[in-house]
Amino acid sequence: MINLTEDQNRILESYMAGILSWNEKVNLTNITDPEEFHVKHTLDSIMCLDFPEYEKAKSVIDVGTGGGFPGIPLAVCSPDKEFLLLDSLNKRLKIIGELTEELGINNVKLLHSRAEDAARNKDHREKYDVCVSRAVSNLATLCEYCLPFIKVGGYLLAYKGPEAEKELENAAKALKTLGGEAIEIRDTQMAEYGLEHRILVIKKVKPTPKAYPRKAGTPLKSPL
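Using the numbering used here, the first residue of the sequence shown is number 1389, and each one after it goes up by one.
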């Protein structure tokens, strides 16, 4: 069971209020009911908090952060870690930046870029202990987006649904090509809320070849 402090709960409630307010002008989420938001965004985001792979990490990148999930809830709950939130839509990042400044969330940096481009930047390639992502891309595509950012020995925590096993099976070639190895599919505590959410734990066991990621758009159009 994950227990949050009063201050963490306050910040997360305020962040939700800010996202829902901005959502009236900019599409950040389809979930507008506060109770549903709390479950499907906030609680779902922090389901990896007690994973040993996450606990020992110092640097975390959230690829395709959207409205700041899972990155912001994790950052609020893990002030000892440094986070980079990556998204291809700058409009979203500006809102996240404004809210984090207002709420005093100081362990978050933002990067406006496509994953395929950022992963070729030496400042970000194989620099992170853990990559988290709730992006809806199929796992083979997601691995090409994410694994290049992770240090050898680090982990990708991919938030998935009930089809996790099938996705993992279909991504076997991508994992082998990109230097990843599947460790485990972990059920989260979301079943009590009626949600079949699971997290795929993938270890980076060797460097990603320089040819990857391929040029922007290719991983989505032609998954490995």
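We treat Cβ as the ideally placed atom computed from N, Cα and C, and that holds for glycine.
Problem - When Q1396, Q1577 and A1579 are compared against G1492, the one with the closest alpha-carbon - result: As a position in the sequence shown, residue 1492 is number 104, starting the count at 1. Residue nearest to G1492 within the set Q1396, Q1577 and A1579 is Q1396 (criterion: CA-CA distance).
Practice task
Alpha carbon to alpha carbon, how far is N1509 from E1486? Give it in angstroms, no decimals.
Solution key: Within the sequence shown, the letter at position 98 stands for residue 1486. Within the sequence shown, the letter at position 121 stands for residue 1509. In a straight line, the C-alpha of E1486 is about 26 Å away from that of N1509.
Exercise for the section: Indicate whether S1447 and E1470 have their beta-carbon atoms separated by less than 7 Å. Expected result: For the purposes of this step, residue 1447 is taken as residue 59 along the sequence shown, with counting starting at 1. For the purposes of this step, residue 1470 is taken as residue 82 along the sequence shown, with counting starting at 1. Yes.
Handout entry: Spatial distance of K1591 from H1429 (CA atoms)
Key = Here residue 1591 refers to the residue found at position 203 of the sequence shown. Here residue 1429 refers to the residue found at position 41 of the sequence shown. Roughly 25 Å between the two C-alpha positions.
Handout entry: Outcome for G1567 when other beta-carbon atoms lying within 10 angstroms are tallied against a minimum of 16
Key = For the purposes of this step, residue 1567 is identified with residue 179 of the sequence shown, where counting begins at 1. Classification for G1567: buried.
Practice task
Reducing DSSP to helix, strand and coil, say where V1427 ends up.
Solution key: The residue labelled residue 1427 in the question sits at position 39 within the sequence shown. The answer is helix: DSSP assigns V1427 an H, G or I state.
Problem - Within 7 Å, strictly: CB atoms of V1451 and A1503 - result: Translated into the one-based positions of the sequence shown, residue 1451 becomes position 63. Translated into the one-based positions of the sequence shown, residue 1503 becomes position 115. Cβ distance < 7 Å, so V1451 and A1503 count as in contact.
Practice task
Determine, using beta carbons only, whether P1601 and A1507 come nearer to each other than 7 Å.
Solution key: For this step, residue 1601 is matched to residue 213 along the sequence shown. For this step, residue 1507 is matched to residue 119 along the sequence shown. A contact, by the Cβ cut-off of 7 Å.
Exercise for the section: For E1572, name the three-state secondary structure that DSSP assigns. Expected result: Mapped onto the sequence shown, residue 1572 falls at position 184. Here E1572 sits in strand by DSSP.
Problem - CB of V1518 within 7 Å of CB of Y1442, strictly - result: The sequence position of residue 1518 within the sequence shown is 130, counting from 1. The sequence position of residue 1442 within the sequence shown is 54, counting from 1. For the 7 Å CB-CB criterion, V1518 and Y1442 form a contact.
Exercise for the section: Please name the residue or residues paired with V1520 in a DSSP beta bridge. Expected result: In the sequence shown, residue 1520 corresponds to position 132, counting from 1. Its beta-bridge partners are D1450 and L1545.
Handout entry: Span of the alpha helix (DSSP H), counted from its first residue to its last, around R1586
Key = Position 198 of the sequence shown holds residue 1586. Note, R1586: premise wrong, no alpha helix (DSSP H); beta strand (DSSP E) at R1586 to K1592.
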